[in-house]
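A.B. asks: Here it is, the structure, as structure tokens.
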Amino acid sequence: MCRVRAGADALNRGRTVPCLPVTRVATLRFDENMSKTPNPTQPAANTPISATDSASGEGAPAPIPTHVLEQQRRTNRDEVRKLGMNPYGSRTENLLTLADARAKYDEEASTEYNAKGKEPGYQDRRPRVTVAGRIMLLRDNGKLLWINLRDATGDLQVAISQKDCAEAGFKLAKLTDLADIIVVSGRVMKTKTGEVTVWADDVKPGTKSLVQPPEKHAGLSDVEIRYRQRYTDLWANPETMQVFAMRSKIVGQLRRFLESRGYLEVETPMLQSLAGGAAARPFVTKMNALDINLFMRIAPELYLKRLLVGGMPKVFEINRNFRNEGLDKQHNPEFTMLEAYHAFGDVETVMELTESAIRDAATMVHRAAGGGGGSGDVILPFGELQINYTKPFERVSYGQLFEKAYGYAMTETERTRKDLATRMPQHAGAIGSMDPWLVVNELFEMKGEDQLDHSRPTFITDYPSAISPLTRPKPSNPALSDRADLFIAGMEVAPHYTELNDPDIQEERFKEQLKGLDAEKNTEENTFRTMDHDFLRALKVGMPPAGGMGLGVDRLVMILTNQRTIRDVMLFPLMRPEA
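Okay, so the sequence shown: first residue is 2 according to the numbering used here, each after it adds one.
Right, here's the structure in full:
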């Protein structure tokens, strides 16, 4: 008989289980019960967790209640304190990432050590490193422990021998549990099987984990647990860490690209006395000191335009917007937007800016994934789609898509009204009094965007002016606006505008909104409308002609990293509170 740490936890030290022909391996088990850490003083017989990784049949121990496993971890923690160590670690200098430590392996020095290591006076030239990581696998062979550590850069094997490790360090190692974080110092070598390994000469505590770790082989597959407990998801699922590392790189790449084009990054208010810049339902809060209501911003647009009035020629902001609306695969109440404005530009200026910025970010992602270093097309997957970012983005007008969807022109007012009434008979009365262009837009939203090729990034141009209140009308046809919305993979990613800077027309547009001319549209979109007198005053001071754009950062990250829901690219998406 021999003692092994079986299953998701080190069991009671006095317990034994039969040894198999090959040493048993303790690995992390993912289980929904990881999210339910019971009080150690209460029984948890209704939430058993297997005490072994794969044992079954007559030789397998009975399931161990979760609170027993947590109590064992607490006992081990107390034993570490008896060794004179802080189980929650302390400052550690000269730490290397596991990837950097692996790269330190020196084949020549290792070969020399194998040949001469036992000679008197030999100086070991193998690199010595200090690393820290979370324990993902633990194999206890008595006087030799094999441990797999994980950090943000990957996994690395560590060997802890009683012969070569400091006495206190070896005793600590014997008290470790899966998911603990430890600090290991030692030489980088290779095992007989060719695995790069740190052969430990000292081990120190990093932090003690008291929580039952998840099951390795099934993966942390419960998506609600993954979103609620991102702190576990990140280390348990390396692909999650990779997605969020790439998100940071994409945002950084966008920022550097705009700065290279001469844009100045600014910050505008998140708390606003008026919620403007979009038709959306805001979150309301109160400032006690002034006894006034404030709104979490729904868009930074009107403040960024004020900066153009002040003389800033090119500005951008990457920050959060907040809209008190629904949740789905593409929407979260708080989300990240990049908005940019270019004085003396127009819709074409910012369309080129967006296309170039996205191509630049896609190229970075492509290279990080092992794509070509500048030769060949940049093609990235999104589900079953293969999206080419090298080719010029497609362009199609709003009217062309409408006609393709319905077989007649959107200017046929009576036909569009009759068509919508047929499709929405419950609203037939209201449809009869709706603005004709709003009728067209209702029909367009039903079928128009579906006509796009989702594998081709596409700008939809020439939207009706009636649904674009902050956009300058086209000189050749004032019924249409200088607006273009970019769609990738079937998702709207970025609208673009030639900004309206005539204060009299802008005031009329605000009044039209307040009259509720589109009151039969989506109720949530009509919940909040404002007349921003200060913004009108700024336009009267004089805003230069400009192009403006707003890029949905979360959706772009979804597409570039091949994630199907917005929650998969937000570290802490909004969730309903747990019962």
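Using N, Cα and C, we set each Cβ at its ideal position, and we do this for glycine too.
Just so you know, these numbers come straight off a predicted model, no measurement behind them.
Taking just the CA atoms, how far does M532 sit from P301?
C.D. replies: Counted from its first residue, the sequence shown places residue 301 at position 300. Counted from its first residue, the sequence shown places residue 532 at position 531. For P301 and M532, the distance between alpha carbons rounds to 16 angstroms.
A.B. asks: Find the nearest neighbour of W236 within the set D181, I388, D420, Q273, judged by alpha-carbon distance.
C.D. replies: Within the sequence shown, residue 236 is the residue found at index 235, counting from 1. Measuring from the Cα of W236, the nearest candidate turns out to be D181.
A.B. asks: Let me check understanding here. Comparing Cα to Cα, which of D451, P496, F460, R75 lies closest to T472?
C.D. replies: Taking the first residue of the sequence shown as 1, we reach residue 472 at position 471. For the residues D451, P496, F460, R75, the minimum Cα distance to T472 belongs to P496.
A.B. asks: Which residue marks the beginning of the beta strand (DSSP E) containing G543, and which one marks its end?
C.D. replies: Along the sequence shown, one-based indexing puts residue 543 at 542. Element bounds for G543: not the beta strand (DSSP E) but the alpha helix (DSSP H), 534 to 543.
A.B. asks: Among the residues of its own chain, which have a CB less than 6 angstroms from the CB of A246, if the five just before and after it don't count?
C.D. replies: Along the sequence shown, read from residue 1 onward, the residue named residue 246 stands at position 245. Same-chain partners within the cutoff: there are none.
A.B. asks: If D555 and T412 are in contact, beta carbons under 8 angstroms, what's the gap, nearest whole angstrom?
C.D. replies: On the sequence shown, position 554 is the one that residue 555 refers to. On the sequence shown, position 411 is the one that residue 412 refers to. Contact doesn't hold; Cβ gap of about 36 angstroms is too wide.
A.B. asks: Count the C-beta pairs between the region 506 to 515 and the region 478 to 485 that are closer than 8 angstroms, then say yes if the count reaches three, no if not.
C.D. replies: The region 506 to 515 vs the region 478 to 485: no contact.
A.B. asks: From the DSSP output, read off the bridge partner residues of Y342.
C.D. replies: The residue given as residue 342 occupies position 341 in the sequence shown. For Y342, which the question treats as bridged, DSSP gives the partners V316, G549.
A.B. asks: Who are T459's beta bridge partners in DSSP?
C.D. replies: Walking along the sequence shown from the start, residue 459 turns up at place 458. DSSP output for T459 lists E395, F488 as bridge partner(s).
A.B. asks: Does the separation of the CB atoms of V159 and I148 fall below 9 angstroms?
C.D. replies: Residue mapping note: residue 159 aligns to position 158 of the sequence shown, counting from 1. Residue mapping note: residue 148 aligns to position 147 of the sequence shown, counting from 1. Cβ distance < 9 angstroms, so V159 and I148 count as in contact.
A.B. asks: Work out the CA separation of K83 and R30 for me, nearest whole Å.
C.D. replies: As a working mapping, residue 30 is identified with position 29 in the sequence shown. As a working mapping, residue 83 is identified with position 82 in the sequence shown. Residue placement at R30 is poorly supported in this model, since its pLDDT is 39, which falls under 50; the coordinates are not used for a value here.
A.B. asks: Mind listing, in chain order, the continuous alpha helix (DSSP H) runs of no fewer than 4 residues lying wholly within the region 355 to 422?
C.D. replies: Runs found: 399 to 407.
A.B. asks: Would you mind reading off the limits of the alpha helix (DSSP H) that contains G311?
C.D. replies: Reading the sequence shown from its first residue, position 310 is the one you call residue 311. Per DSSP, G311 belongs to the alpha helix (DSSP H) from 302 to 311.
A.B. asks: Hey, how far is the Cα of L97 from the Cα of D202?
C.D. replies: Start at 1 with the first residue of the sequence shown, and residue 97 comes out as number 96. Start at 1 with the first residue of the sequence shown, and residue 202 comes out as number 201. L97 and D202: Cα-Cα distance of roughly 16 angstroms.
A.B. asks: How big is the Cα-Cα spacing for F171 and D178?
C.D. replies: Mapped onto the sequence shown, residue 171 falls at position 170. Mapped onto the sequence shown, residue 178 falls at position 177. Spanning the two alpha carbons is a distance of roughly 14 angstroms.
A.B. asks: Hey, is the region 306 to 319 in contact with the region 251 to 259, meaning 3+ C-beta pairs nearer than 8 angstroms?
C.D. replies: They touch, by the three-pair rule.
A.B. asks: Do T562 and Q331 come within 9 angstroms of each other at the CB atom, strictly closer than that value?
C.D. replies: For this step, residue 331 is matched to residue 330 along the sequence shown. For this step, residue 562 is matched to residue 561 along the sequence shown. Their beta carbons are not under 9 angstroms apart, which means Q331 does not touch T562 by this criterion.
A.B. asks: Whose C-beta lies closer than 7 angstroms to the C-beta of R78 among residues of the same chain, with five residues either side of it excluded?
C.D. replies: To locate residue 78, count along the sequence shown from 1; it is residue 77. Counting only Cβ-Cβ distances below 7 angstroms, and skipping sequence neighbours, we find P88, K209.
A.B. asks: Entirely within the region 159 to 205 and at least 4 residues each: give me those alpha helix (DSSP H) ranges in chain order.
C.D. replies: Whole alpha helix (DSSP H) segments, 4+ residues: 168 to 175.
A.B. asks: So what's M582 in DSSP terms, helix, strand or just coil?
C.D. replies: Residue numbering for the chain in the displayed model covers 2 to 580; residue 582 lies beyond these limits and cannot be assessed.
A.B. asks: Would you mind working out which of D436, K205, K306, E500 sits nearest V132, comparing C-alpha positions?
C.D. replies: In the sequence shown, residue 132 corresponds to position 131, counting from 1. Of the listed residues, the one whose Cα sits closest to V132 is K205.
A.B. asks: Nearest by alpha-carbon distance to T364: which of Q213, K250, P470 is it?
C.D. replies: The residue labelled residue 364 in the question sits at position 363 within the sequence shown. Of the listed residues, the one whose Cα sits closest to T364 is K250.
A.B. asks: Can you list, in chain order, the residues of its chain whose CB lies under 8 angstroms from that of G277, leaving out five sequence neighbours each side?
C.D. replies: Here residue 277 refers to the residue found at position 276 when the sequence shown is read from its first residue. Within the same chain, G277 has close Cβ partners I299, A300, E302, L303, T531, D533, F536.
A.B. asks: Just to confirm, is the Cβ distance from R126 to L150 under 9 angstroms?
C.D. replies: Within the sequence shown, the letter at position 125 stands for residue 126. Within the sequence shown, the letter at position 149 stands for residue 150. Not in contact: R126 and L150 (Cβ atoms no closer than 9 angstroms).
A.B. asks: With DSSP run on the structure shown, which of helix, strand or coil describes G430?
C.D. replies: Your numbering for residue 430 matches position 429 in the sequence shown. Helix, per DSSP.
A.B. asks: DSSP three-state call for D347: helix, strand or coil?
C.D. replies: One-based indexing of the sequence shown puts residue 347 at position 346. D347: coil per DSSP, three-state reduction.
A.B. asks: For S111, I'd like the list of residues in its chain whose CB is within less than 7 angstroms of its CB, leaving aside the five on either flank, ordered along the chain.
C.D. replies: For the purposes of this step, residue 111 is taken as residue 110 along the sequence shown, with counting starting at 1. So the qualifying residues of the chain are R127, M190, K191.
A.B. asks: Look up N440 in the DSSP assignment and give the residues it is bridged to.
C.D. replies: Against the sequence shown, residue 440 aligns to sequence position 439. Inspection of the sequence shows that residue 440 is occupied by Val rather than by Asn. Answer by DSSP bridge pairing: none, since V440 is not bridged.
A.B. asks: For R129, report the span of its beta strand (DSSP E) as first-last.
C.D. replies: Position 128 of the sequence shown, counted from the start, is the residue given in the question as residue 129. Its beta strand (DSSP E) spans residues 129 to 141.
A.B. asks: Look at the Cβ atom of Y399, then the Cβ atom of D454, and state whether they are nearer than 9 angstroms.
C.D. replies: Sequence index remark: in the sequence shown, residue 399 carries index 398 (1-based). Sequence index remark: in the sequence shown, residue 454 carries index 453 (1-based). No, the Cβ-Cβ distance between Y399 and D454 is not below 9 angstroms.
A.B. asks: Using the Cα positions of E443 and N289, report the straight-line distance between them to the nearest angstrom.
C.D. replies: Along the sequence shown, read from residue 1 onward, the residue named residue 443 stands at position 442. Along the sequence shown, read from residue 1 onward, the residue named residue 289 stands at position 288. E443 and N289: Cα-Cα distance of roughly 42 angstroms.
A.B. asks: Look up Q273 in the DSSP assignment and say whether it is helix, strand or coil.
C.D. replies: To locate residue 273, count along the sequence shown from 1; it is residue 272. In this structure, Q273 counts as strand in the three-state DSSP scheme.
A.B. asks: Output needed for E525: all residues of its chain with C-beta closer than 6 angstroms, excluding positions within five of it in sequence on either side, in chain order.
C.D. replies: One-based indexing of the sequence shown puts residue 525 at position 524. Confidence in E525 is poor, its pLDDT being 43 and thus under 50, which makes the residue's placement unreliable; the coordinate value appears in the next sentence. Cβ within range, chain order: R282, E326.
A.B. asks: Using the C-alpha atoms, what's the distance from I183 back to A102?
C.D. replies: Taking the first residue of the sequence shown as 1, we reach residue 102 at position 101. Taking the first residue of the sequence shown as 1, we reach residue 183 at position 182. Distance between the alpha carbons of A102 and I183: 15 angstroms.
A.B. asks: Locate the beta strand (DSSP E) running through A290, then write down its first and last residues.
C.D. replies: Taking the sequence shown and counting its residues from 1, one reaches residue 290 at position 289. Element bounds for A290: n/a, residue is neither H nor E.
A.B. asks: Taking the Cβ atom as the reference point for each residue, do E335 and F345 lie within a distance shorter than 9 angstroms?
C.D. replies: For the purposes of this step, residue 335 is taken as residue 334 along the sequence shown, with counting starting at 1. For the purposes of this step, residue 345 is taken as residue 344 along the sequence shown, with counting starting at 1. No. Outside cutoff.
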